Amino acid sequence: MVEEQPEEEIILADLSDDDLTAQMHDDLYDGLADEIAEGTNILLARGWEPGRVLNDALVEGMRIVGIDFRDGILFVPEVLLSANAMKAGMAILRPLLAETGVEPIGKIVIGTVKGDIHDIGKNLVGMMLEGAGFEVIDLGINTDVEEFLGALDEHKPDFLGMSALLTTTMPYMKVVIDVLKEKSLREEYIVIVGGAPLNEEFGEAIGADAYCRDAAVAAETAQRLIAERRAAA
Ligand code: B1M
Numbered sequence: 001m002v003e004e005q006p007e008e009e010i011i012l013a014d015l016s017d018d019d020l021t022a023q024m025h026d027d028l029y030d031g032l033a034d035e036i037a038e039g040t041n042i043l044l045a046r047g048w049e050p051g052r053v054l055n056d057a058l059v060e061g062m063r064i065v066g067i068d069f070r071d072g073i074l075f076v077p078e079v080l081l082s083a084n085a086m087k088a089g090m091a092i093l094r095p096l097l098a099e100t101g102v103e104p105i106g107k108i109v110i111g112t113v114k115g116d117i118h119d120i121g122k123n124l125v126g127m128m129l130e131g132a133g134f135e136v137i138d139l140g141i142n143t144d145v146e147e148f149l150g151a152l153d154e155h156k157p158d159f160l161g162m163s164a165l166l167t168t169t170m171p172y173m174k175v176v177i178d179v180l181k182e183k184s185l186r187e188e189y190i191v192i193v194g195g196a197p198l199n200e201e202f203g204e205a206i207g208a209d210a211y212c213r214d215a216a217v218a219a220e221t222a223q224r225l226i227a228e229r230r231a232a233a
């Protein structure tokens with residue numbers, strides 16, 4: 001009988017930066033939320049900018065998860081654990097990314113569209129927008145046109161932001177924009193859209209003001225568009 005060797009415990013704090021980020025990619029893959037929180041705190045304590053921790057340790061880890069999900073190596077329950085671990089890291093980074101200490105420069109209502117429950121990217125966009133000085137009203141996932149309209153009416157934001165991660169849900173963005181047009185409300189809001197299956201062309205075709213490739217681009221674009229709108233007013 002072969003005796004099983006106990007696995008050697010990895011002390012995250014003893015790893016070099018490169019080894020720690022690689023280990024965090026593995027821990028994200030394995031859905032280990034406590035380890036992701038610990039790794040995030042270690043990198044911050046080593047002086048890493050929150051944005052670098054987010055991109056190099058968390059987003060990159062999730063990219064690897066995405067590849068194996070696509071290839072049928074990982075399945076929904078495992079990816080949910082990875083998403084949960086990602087959120088543990090994001091919860092630590094959120095206040096740091098949002099730390100601007102200035103008056104909001106604008107307001108955005110944001111949500112993942114109807115039929116779609118992916119929210120990691122949308123949450124990241126919200127965090128980056130907060131960091132860029134925006135007030136963010138997050139409607140969560142599976143948001144239908146009535147919920148969007150209700151929130152626009154209640155909060156009177158400058159922006160409407162929609163996220164979709166599925167090719168089957170991205171057309172719903174056009175449904176929302178068309179209803180805004182029907183109600184003569186389209187010009188009231190700057191509409192930005194994003195999500196992995198979208199592109200510039202799609203954003204244009206559905207009548208959005210901008211397609212944003214990632215959260216950093218969303219923050220830059222929102223700053224630019226609100227400045228342009230205010231200059232034109
Ligand atoms: Co889903 N899923 N998933 N999934 N999932 C994808 C999207 C998929 C590409 C995986 C794959 O096959 N490779 C695939 C879609 C294929 C397609 O449509 N062509 C897929 C599928 C098929 C599914 C299910 C149908 C699986 C099933 O049940 N058989 C199912 C659908 C459920 C539903 O929504 N109705 C499903 C379920 C899930 C989980 C629940 C397990 C989980 C979601 C957990 C959660 O979000 N809380 C999940 C996950 C995690 C993924 C992957 C692996 C990762 C998504 C993610 O979080 N990425 C994803 C594979 C992938 O995208 N590579 C996949 C990290 C995040 C930081 O990036 O979300 O792209 P992203 O956001 C970026 C940009 O896109 C952009 O900025 C963000 C940050 O930089 N952005 C915006 C996003 N929104 C924006 C809005 C903006 C601006 C920029 O302005 C408003």
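Just so it is clear: in the sequence shown, position 53 is 53 by the numbering used here, and no numbers are missing.
Virtual Cβ for every residue (Gly too), placed ideally from N, Cα, C.
As the structure is a computational prediction, the values presented were derived from the model and not from experiment.
About 6 angstroms separates the Cβ atoms of G61 and M24, confirming a contact at the 8 angstroms cut-off. Cβ-Cβ separation between N142 and D116: approximately 7 angstroms, consistent with a contact (criterion under 8 angstroms).
Where L160 is concerned, the enclosing beta strand (DSSP E) starts and stops at F159 to S163. A contact between stretches requires three or more CB pairs, one per stretch, nearer than 8 angstroms, and the stretch 137 to 152 fails this requirement with the stretch 84 to 99. At a cut-off of 3 residues, the continuous stretches assigned as beta strand (DSSP E) that sit fully inside the stretch 163 to 195 are 190 to 194. Within the model, the alpha-carbon separation for G203 versus V193 is close to 7 angstroms. Using a Cβ distance threshold of 7 angstroms, V136 and G126 count as a contacting pair. Counting every other CB atom within 10 Å of its CB across the protein chains shown gives A164 a total of 16 or more, marking it as buried. In the three-state reduction of the DSSP assignment, G61 falls in the helix class, which pools H, G and I. Residue pairing by DSSP places K107 opposite E135 in a beta bridge.
Looking at the DSSP output, A210 sits in a beta bridge with I192. Rounded to the nearest angstrom, the Cβ distance from A33 to A88 is 4 angstroms, consistent with a contact under 8 angstroms.
A Cβ-Cβ contact shorter than 7 angstroms links M128 with A215. Within the model, the alpha-carbon separation for G47 versus N41 is close to 10 angstroms. With a threshold of 6 angstroms, the Cβ atom of D144 does not count as near the ligand B1M, since no heavy atom of the ligand is closer than that. In summary, S184 is exposed, with fewer than 16 beta-carbon neighbours lying within 10 Å of its beta-carbon over all protein chains present. Taking the Cβ atoms as the reference, A219 lies roughly 4 angstroms from A132, within the contact range of under 8 angstroms.
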